[in-house]
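**Student:** Sharing a structure with you now.
4 protein chains.
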Amino acid sequence: MLKPLNVGMIGYGFMGRAHSNAYRRVNNFFDLEHQPVLKAICARSADKAKAFADKWGYESVETDWRRLLERKDIHLVDICTPNNTHAEIALAAAKAGKMILCEKPLALNGPEALKMVEAVEKAGVPNMVWYNYRRVPAVTLAKKLIDDGRLGRIFHYRAKFLQDWTISPELPQGGTALWRLDVAAAGSGVTGDLLAHCIDTALWQNGAIDKVNAMTETFVKERKHNLTGKVEPVGIDDACAFLARFHNGSLATFESTRYARGHKALYTFEINGEHASICWDLHDLHRLQYFDHRDQGLTRGWRSVHVSDGDHPYMGKWWVPGLQIGYEHSFVHQVADFLEGVAKGKAAQPDFRNAYQTQLVLDAVLASAKSQRWTEVPKG
Amino acid sequence: MLKPLNVGMIGYGFMGRAHSNAYRRVNNFFDLEHQPVLKAICARSADKAKAFADKWGYESVETDWRRLLERKDIHLVDICTPNNTHAEIALAAAKAGKMILCEKPLALNGPEALKMVEAVEKAGVPNMVWYNYRRVPAVTLAKKLIDDGRLGRIFHYRAKFLQDWTISPELPQGGTALWRLDVAAAGSGVTGDLLAHCIDTALWQNGAIDKVNAMTETFVKERKHNLTGKVEPVGIDDACAFLARFHNGSLATFESTRYARGHKALYTFEINGEHASICWDLHDLHRLQYFDHRDQGLTRGWRSVHVSDGDHPYMGKWWVPGLQIGYEHSFVHQVADFLEGVAKGKAAQPDFRNAYQTQLVLDAVLASAKSQRWTEVPKG
Amino acid sequence: MLKPLNVGMIGYGFMGRAHSNAYRRVNNFFDLEHQPVLKAICARSADKAKAFADKWGYESVETDWRRLLERKDIHLVDICTPNNTHAEIALAAAKAGKMILCEKPLALNGPEALKMVEAVEKAGVPNMVWYNYRRVPAVTLAKKLIDDGRLGRIFHYRAKFLQDWTISPELPQGGTALWRLDVAAAGSGVTGDLLAHCIDTALWQNGAIDKVNAMTETFVKERKHNLTGKVEPVGIDDACAFLARFHNGSLATFESTRYARGHKALYTFEINGEHASICWDLHDLHRLQYFDHRDQGLTRGWRSVHVSDGDHPYMGKWWVPGLQIGYEHSFVHQVADFLEGVAKGKAAQPDFRNAYQTQLVLDAVLASAKSQRWTEVPKG
Amino acid sequence: MLKPLNVGMIGYGFMGRAHSNAYRRVNNFFDLEHQPVLKAICARSADKAKAFADKWGYESVETDWRRLLERKDIHLVDICTPNNTHAEIALAAAKAGKMILCEKPLALNGPEALKMVEAVEKAGVPNMVWYNYRRVPAVTLAKKLIDDGRLGRIFHYRAKFLQDWTISPELPQGGTALWRLDVAAAGSGVTGDLLAHCIDTALWQNGAIDKVNAMTETFVKERKHNLTGKVEPVGIDDACAFLARFHNGSLATFESTRYARGHKALYTFEINGEHASICWDLHDLHRLQYFDHRDQGLTRGWRSVHVSDGDHPYMGKWWVPGLQIGYEHSFVHQVADFLEGVAKGKAAQPDFRNAYQTQLVLDAVLASAKSQRWTEVPKG
């Protein structure tokens with residue numbers, strides 16, 4: 001019999017759905033000791049919470065997250081609220097002894113994140129941050145190829161996350177759907193929202209970043225604010241590009257924007273090593289491009305690996321070779337790994353401490369954009 | 001409150017999983033009147049049925065499908081067994097007044113299929129065949145573009161379904177996992193297994209086929225049989241290619257094989273019309289290639305449409321633009337449409353009668369391969 | 001010092017340009033014993049011949065090809081006239097002891113081609129047919145990989161040549177630019193014009209074809225004729241598709257049309273072998289797609305080989321790795337190989353006899369389309 | 001009759017071949033008033049000059065470029081020597097009243113380039129720098145689309161030029177073939193060699209760059225020097241990446257390296273505008289990727305424009321739609337435009353003054369890499 005692991009979800013937006021979906025599906029495909037149970041959904045609006053509970057099968061509803069934390073029947077708290085609320089909830093949840101899964105970015109900045117790290121470590125509760133892209137099978141495979149030494153010495157790392165959904169100046173900021181444009185709720189723009197993903201993946205694949213040099217831009221300077229109803233200055237960065245030097249000597253460029261026509265969610269990275277190179281692109285997420293210079297010269301070329309075979313990461317759990325899975329499956333994988341970690345007493349990554357590193361890079365990026373200088377990333 | 005619709009599933013293989021997954025997920029994403037309930041799983045082995053029930057949450061287990069049909073609490077029977085058992089089960093299920101969803105191909109041949117059509121029509125029960133690829137969003141979009149007249153007069157239709165998993169002569173035939181290689185269980189090889197999909201899509205998109213001219217081949221002439229333990233002749237077609245003429249005057253080529261190195265499940269079609277052309281490929285299923293000659297000359301080109309926007313078929317129900325769904329979602333869409341049909345009293349397609357047309361084309365293809373002549377497809 | 005080899009060109013159309021260009025360029029890039037000299041251009045219109053001579057540097061002009069053949073200073077005759085004139089000119093040129101390069105298809109049909117073969121063999125003159133695509137570096141590389149046994153036993157061969165330039169019914173037939181639509185001048189439509197290329201490549205790569213089964217269609221039944229000024233029936237095939245069985249046991253599909261929107265000159269082939277597969281496409285002619293199943297599983301994928309390295313066929317003669325050459329270079333390569341053959345006394349391929357095989361397949365295809373039956377290809 | 005324009009070429013390396021090829025071919029395809037005549041090739045080694053002359057049809061040989069400049073029969077001097085010799089030759093050639101075509105980069109730095117600009121302007125001689133990529137048809141088309149306002153306000157510009165040919169530490173520096181690794185001859189590494197191309201194209205397409213922020217790296221610190229025979233420090237930059245801000249408000253990233261496995265000559269740019277985006281890649285140089293947000297939503301996608309139609313820039317001069325040209329044709333186009341400029345008395349671009357702007361950006365990039373600060377680009 002599977003052990004029930006009762007989930008209390010806070011927030012019911014896009015991520016609330018993605019995580020709920022993952023909890024509901026994981027046991028159909030993965031052999032685990034635990035079974036997540038959708039115990040309670042928490043949202044300020046009782047109506048919306050109720051509707052969400054009906055849709056997803058949550059057993060109960062809360063409208064105050066502090067109440068949720070008091071409940072004995074909740075084992076795990078999942079924080080899917082805007083960035084500026086992560087810290088307060090997480091600190092309380094740690095105190096309450098709950099396992100904590102927190103949406104990314106972990107916090108508004110490094111110091112805030114550090115408090116969260118210290119809280120969960122002090123409480124000794126399992127914790128994890130939803131940097132889900134590590135567990136797209138092609139990305140996991142890329143990591144394995146790097147760890148196996150296939151690339152040799154790394155010379156270059158490039159990552160981009162390009163979108164185009166905020167080009168219209170008519171788009172307002174703030175409120176439920178658009179809090180990502182509101183600096184008070186989001187902390188930053190593309191840097192915390194999109195580059196955070198790129199940095200998490202990059203640190204995992206290529207080690208520490210020593211220093212960065214960034215520029216940011218806000219193309220649309222003011223937008224109507226949904227909460228005040230007034231036109232207000234836009235405080236977030238619409239675009240951010242930075243140069244970086246990794247500790248291993250490799251050079252990097254990172255870029256993100258929401259003003260790149262034609263790209264809905266083009267998260268892409270490329271890594272060039274002494275022997276081999278790797279490319280990946282979220283728009284065709286099941287493909288890994290791999291070039292190995294050690295291939296015989298006449299037939300050397302970029303290989304388009306359709307990461308759908310049974311021996312590819314996670315894929316043996318799903319369908320048959322050639323058949324794709326999608327975006328949402330990365331969350332299922334993350335839940336599976338988290339539950340396996342819980343069963344074995346070994347933290348699934350990225351835990352809060354690991355995600356804190358990303359926060360330090362984000363801070364350095366934003367500081368550099370401001371100072372217009374190379375900025376060192378402190379060691380976490 | 002959603003009305004429960006109790007499912008009795010027969011078979012627990014690859015398709016048993018794909019369908020169970022669809023029933024479990026559909027209400028999380030689609031607004032429907034009914035909610036499928038996983039009431040009973042039926043398989044000859046009680047152990048295997050039990051394990052499957054635990055994995056997927058079926059409430060009960062049956063080991064005799066006739067018992068399942070007798071149960072009053074079962075509203076819908078889903079037939080996921082090998083092809084040679086479809087007819088017998090379906091005829092009985094119709095008699096028992098159950099709704100019936102049947103895996104493709106509907107039957108071993110046209111006459112058998114016709115009996116099934118007549119049975120469900122006589123019984124007046126909702127029925128459908130799992131030609132799931134119609135509901136990959138890019139394929140549904142292709143159909144819409146054709147129906148909207150974007151292509152104009154159609155000149156050419158091409159479809160292929162290429163795999164490479166049976167090249168090794170060491171692979172045995174027969175038994176649970178490999179019944180598709182056993183002519184007694186499968187009826188035919190790639191023709192019924194893979195070309196059936198191509199034909200279903202083609203008839204739906206491009207109308208009736210008048211005549212066909214086929215060749216088939218069995219590359220590996222004998223294989224060990226898992227049921228007898230002896231090396232036995234292989235009765236299925238390993239490969240099949242055919243020419244066809246559609247009733248609308250367009251010319252077609254169809255091909256399928258399990259001997260095409262490098263292709264796991266390359267189902268692809270291309271349609272060339274007077275004004276525009278369309279291409280699709282299951283290996284990158286969320287992309288539709290579209291060429292419109294009416295585009296201004298300088299910038300005319302094949303458009304790679306990432307079918308992931310909110311106004312693309314079905315996509316508004318899932319995540320956000322740019323994020324992919326996968327193979328399994330086509331089944332969720334089919335269940336959603338079926339349930340909507342049940343609610344509205346309008347049959348979702350392809351129902352048995354519609355799928356019967358595909359059966360007639362399959363028969364003509366196999367007959368042509370035998371006679372080595374052009375063979376007319378009778379009107380169903 | 002290079003030995004001059006004096007060229008007399010008959011015809012000044014598209015192919016007259018392509019060949020002239022090849023003669024002018026070959027010695028800049030290839031080390032050869034001979035140097036083609038553009039001695040005379042022959043065309044019925046003196047004005048047009050003169051203009052062409054000025055453009056390309058021909059030293060003299062003729063308006064009667066019989067006069068050209070009488071000239072002692074002409075070593076080589078290049079036949080670039082419509083298909084229905086090839087035989088007469090070639091027979092006379094052979095009699096006159098000239099080397100002969102003839103545009104494809106060699107003749108209107110097999111018997112005519114056979115006379116040409118016998119004539120050049122009797123005369124003992126070097127001869128070659130301009131099936132230029134064999135010498136696109138990626139295609140030559142494909143041949144090498146096959147000959148090296150990389151693919152193992154061949155299961156499937158597929159070739160297509162798709163265009164879209166005759167969809168408009170307003171396009172007339174006949175005359176200088178449009179003789180390819182006039183059956184009297186061209187002999188057939190896409191079969192002789194486009195499938196001839198596919199068949200030449202296929203026979204070269206995959207050996208003899210035993211039998212074929214074809215269908216043809218003429219979508220636009222009548223067009224204005226440029227020579228008569230009247231609307232006349234269209235005698236050519238607008239589209240042709242055929243099934244084939246190769247002598248080595250592999251199955252094939254071939255297709256060509258001028259009614260495929262979005263394709264200007266999509267000549268593509270794919271070969272599936274036991275161990276490896278190959279794909280190529282004229283629209284991106286420098287790329288060869290190669291899949292090798294013997295690659296390690298995790299990183300197995302289609303390799304996009306950019307055939308531009310110094311050790312790729314012919315490429316060491318041109319620029320540096322990564323830089324492309326184009327369509328016209330295949331003709332330069334063919335001249336280089338022809339001249340090397342002349343120097344070594346070894347016939348460059350395809351010579352007339354070799355091209356005669358293609359003619360026999362073309363005849364069988366057209367006969368099959370007429371009889372609607374499988375038709376055997378006689379051994380040449 | 002065409003007017004002869006006598007060319008004196010200095011240097012016989014890779015670029016000597018590319019330019020000679022262009023002079024020889026231009027009149028076969030373009031209608032011009034002038035015809036380049038290959039009058040003299042100049043190289044220090046008489047033997048090598050003679051061999052080159054034989055290969056390409058130069059009428060005479062010089063071993064001292066000052067002698068070449070003295071010759072009255074030379075109208076145009078083409079400078080294809082290492083970068084550190086451009087200025088001296090160009091100044092003398094201007095004084096001698098010759099037209100001057102100079103390989104890129106124009107000079108070792110801005111001040112040197114300025115002297116060259118002043119010299120040719122004072123002498124009033126036609127002049128041009130071989131930034132050939134502007135005249136790849138797809139790149140020219142991109143420029144046209146921008147100028148036509150298709151993109152609207154530009155938000156982002158990205159360019160990369162990636163190669164992988166210097167990864168081996170065994171590769172020496174200096175001498176005939178490898179002077180690009182020798183800082184004395186080349187001035188810089190990838191910055192002057194590769195980024196110069198990117199910058200030239202970018203300034204042309206997107207206007208002036210206001211400031212840059214760069215990092216460079218030399219991965220292999222010392223290499224054997226071919227001229228001294230000793231292992232010596234490597235003075236060039238192996239890789240360079242920089243951030244930039246254009247005067248029009250758009251943000252840019254530029255990167256070049258010779259350490260990117262899998263890329264032979266991947267020059268690529270992407271431009272994101274308010275309405276549309278454009279991508280191009282030298283490895284598939286005849287394709288332009290174009291996304292137009294104004295396309296109807298359902299069929300919106302990146303268009304892969306095969307830039308081979310008769311109305312595409314320059315393409316009407318070559319073959320027929322669908323057939324590619326290659327790298328070398330960009331030089332033919334540049335000669336054609338230069339000659340047309342000479343005939344019309346209008347300078348073809350980039351002339352020396354225009355190329356001087358690129359030099360100023362290069363200087364700022366190298367200065368920024370050194371100072372590790374944002375560096376303004378002076379107005380030229």
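Protein chains in written order, with our numbering: chain A, 1 to 380; chain B, 1 to 380; chain C, 1 to 380; chain D, 1 to 380.
Heads up, the beta-carbon is just placed ideally off N, CA and C, and yes, glycines get one too.
Can you confirm whether the region 74 to 94 of chain A touches the region 104 to 111 of chain A when touching is taken to mean that 3 or more C-beta pairs between the two stretches lie within less than 8 angstroms?
**Tutor:** Yes, the region 104 to 111 of chain A touches the region 74 to 94 of chain A.
**Student:** Just to make sure I have the definition right: I need the residues of chain D whose C-beta is within less than 7 angstroms of the C-beta of A/Gln372. Which are they?
**Tutor:** Here the neighbours are Trp374.
**Student:** Tell me which residues of the region 279 to 297 of chain D have at least one Cβ-Cβ distance to chain B shorter than 9 angstroms, keeping chain order.
**Tutor:** Listed by position, the residues of the region 279 to 297 of chain D near chain B (Cβ gap below 9 angstroms) are Arg287, Leu288, Gln289, Tyr290, Phe291, Asp292, Asp295, Gly297.
**Student:** Jot down the residue ranges of each uninterrupted beta strand (DSSP E) in the region 246 to 296 of chain B, minimum 3 residues, whole runs only, in chain order.
**Tutor:** The qualifying runs are 251 to 257, 266 to 273, 276 to 281, 287 to 292.
**Student:** The beta strand (DSSP E) that contains C/Ala51, what's its start and end?
**Tutor:** Careful: C/Ala51 lies outside any beta strand (DSSP E), inside the alpha helix (DSSP H) at 46 to 56.
**Student:** Could you tell me the distance, in whole angstroms, from the CA atom of D/Glu464 to the CA atom of D/Ala367?
**Tutor:** Summary: the structure shown does not reach residue 464 of chain D, with chain D confined to residues 1 through 380, and so no result is reported for it.
**Student:** Any idea if B/Asp73 is buried or exposed, counting beta-carbon neighbours within 10 angstroms, 16 or more meaning buried?
**Tutor:** The residue is exposed, with fewer than 16 neighbouring Cβ atoms inside 10 Å.
**Student:** Can you list, in chain order, the residues of its chain with a C-beta nearer than 6 angstroms to that of D/Tyr314? Leave out the 5 residues immediately preceding and following it.
**Tutor:** Pro137, His333, listed in sequence order.
**Student:** Give the range of the alpha helix (DSSP H) segment to which D/Gly8 is assigned.
**Tutor:** Unbroken run through D/Gly8 is the beta strand (DSSP E), 3 to 10; no alpha helix (DSSP H).
**Student:** Are D/Tyr131 and D/His197 close, meaning C-beta to C-beta below 8 angstroms?
**Tutor:** Cβ distance < 8 angstroms, so D/Tyr131 and D/His197 count as in contact.
**Student:** Is it right to say C/Ala46 is buried, meaning 16 or more other beta carbons lie within 10 angstroms of its own, or is it exposed?
**Tutor:** Under this definition C/Ala46 is an exposed residue.
**Student:** Return the residues of the region 324 to 337 of chain B that lie within a Cβ-Cβ distance of less than 9 angstroms from chain C, sorted by chain order.
**Tutor:** The residues in question: there are none.
**Student:** So which residues of chain C does D/Ala14 contact, with C-beta pairs closer than 9 angstroms?
**Tutor:** Residue 14 of chain D is actually Phe in this sequence, not Ala. Going along chain C in sequence order, the residues near D/Phe14 (Cβ under 9 angstroms) are Trp319, Val320.
**Student:** Using a Cβ-Cβ cut-off of less than 7 angstroms, list which residues of the region 248 to 266 of chain B approach chain C; keep chain order.
**Tutor:** Cβ contacts with chain C: Leu251, Thr253, Glu255, Thr257, Tyr259, Ala260, Arg261, Gly262.
**Student:** Kindly indicate if chain F contains any beta-carbon less than 8 angstroms away from that of C/Gly380.
**Tutor:** Protein chains A, B, C and D are contained in the structure displayed, whereas chain F is not.
**Student:** Which partner residues does C/Ser304 have in the DSSP bridge list?
**Tutor:** Paired residues: A/Trp302, C/Gln289.
**Student:** Quick check on the burial criterion: 16 or more other C-beta atoms within 10 angstroms. Buried or exposed for A/Gln324?
**Tutor:** Classification of A/Gln324: buried, given that the 10 Å Cβ count is 16 or more.
**Student:** What is the DSSP secondary structure of B/Arg158, counted as helix, strand or coil?
**Tutor:** Strand.
**Student:** Taking the C-alpha atoms as reference points, what is the distance between A/Leu69 and A/Ala94?
**Tutor:** Answer to the nearest angstrom: the Cα atoms are 9 angstroms apart.
**Student:** Would you kindly work out how many angstroms separate the C-alpha atoms of B/Trp302 and B/Trp280, rounded to a whole number?
**Tutor:** Their backbone Cα atoms lie some 12 angstroms apart in a straight line.
**Student:** Is there a Cβ of chain B sitting closer than 8 angstroms to that of A/Lys143, yes or no?
**Tutor:** No, no contact with chain B.
**Student:** Please determine if the region 229 to 241 of chain D and the region 266 to 286 of chain D are in contact, where contact requires at least 3 C-beta pairs separated by less than 8 angstroms.
**Tutor:** No: the two stretches stay apart, fewer than three of their Cβ pairs being nearer than 8 angstroms.
**Student:** Does the beta carbon of C/Lys382 sit closer than 8 angstroms to a beta carbon anywhere in chain D?
**Tutor:** Since the first residue of chain C shown is 1 and the last is 380, residue 382 of chain C is not available in this structure.
**Student:** Roughly how many whole angstroms lie between the Cα atoms of B/Gly110 and B/Gln359?
**Tutor:** Cα-Cα distance, rounded: 5 angstroms.
**Student:** Under the DSSP definition of a beta bridge, which residues are partnered with B/Glu217?
**Tutor:** Partner(s): B/Ala239.
**Student:** Closer than 8 angstroms between beta carbons: that is the criterion. Which residues of the region 234 to 248 of chain A meet it against chain D?
**Tutor:** So the list reads Ala239, Ala241, Phe242, Leu243, Arg245, given in the order they occur along the chain.
**Student:** Could you name the residues of chain D that C/Ser308 contacts, counting a contact when the two beta carbons are closer than 7 angstroms?
**Tutor:** Those within 7 angstroms of C/Ser308 in chain D are Lys264.
**Student:** Once you ignore the five residues that flank B/Asn27 on each side, which residues in its own chain have a CB closer than 6 angstroms to its CB?
**Tutor:** Gln35, listed in sequence order.
**Student:** Would you give the residue range spanned by the alpha helix (DSSP H) that B/Gln372 belongs to?
**Tutor:** No alpha helix (DSSP H) holds B/Gln372; DSSP gives it neither H nor E.
**Student:** With a threshold of 8 angstroms, are at least 3 pairs of Cβ atoms found where one atom belongs to the region 243 to 258 of chain D and the other to the region 153 to 163 of chain D?
**Tutor:** Yes: the two stretches touch, three or more of their Cβ pairs being nearer than 8 angstroms.
**Student:** Going by the CB atoms, is the gap between B/Gln173 and B/Asp182 shorter than 8 angstroms?
**Tutor:** Yes. Within cutoff.
**Student:** Rounded to whole angstroms, how far is the Cβ of B/Phe291 from the Cβ of B/Met128, which I believe are closer than 8 angstroms?
**Tutor:** So it is not a contact: roughly 33 angstroms between Cβ atoms.
**Student:** Strictly below 7 angstroms CB to CB, what residues from chain C border B/Glu438?
**Tutor:** Residue coverage of chain B in this structure runs from 1 to 380, which leaves residue 438 of chain B outside it and unanswerable.
**Student:** Assign D/Glu222 to buried or exposed, taking buried as 16 or more other Cβ atoms, counted over all protein chains shown, within 10 Å of its Cβ.
**Tutor:** Burial call: exposed.
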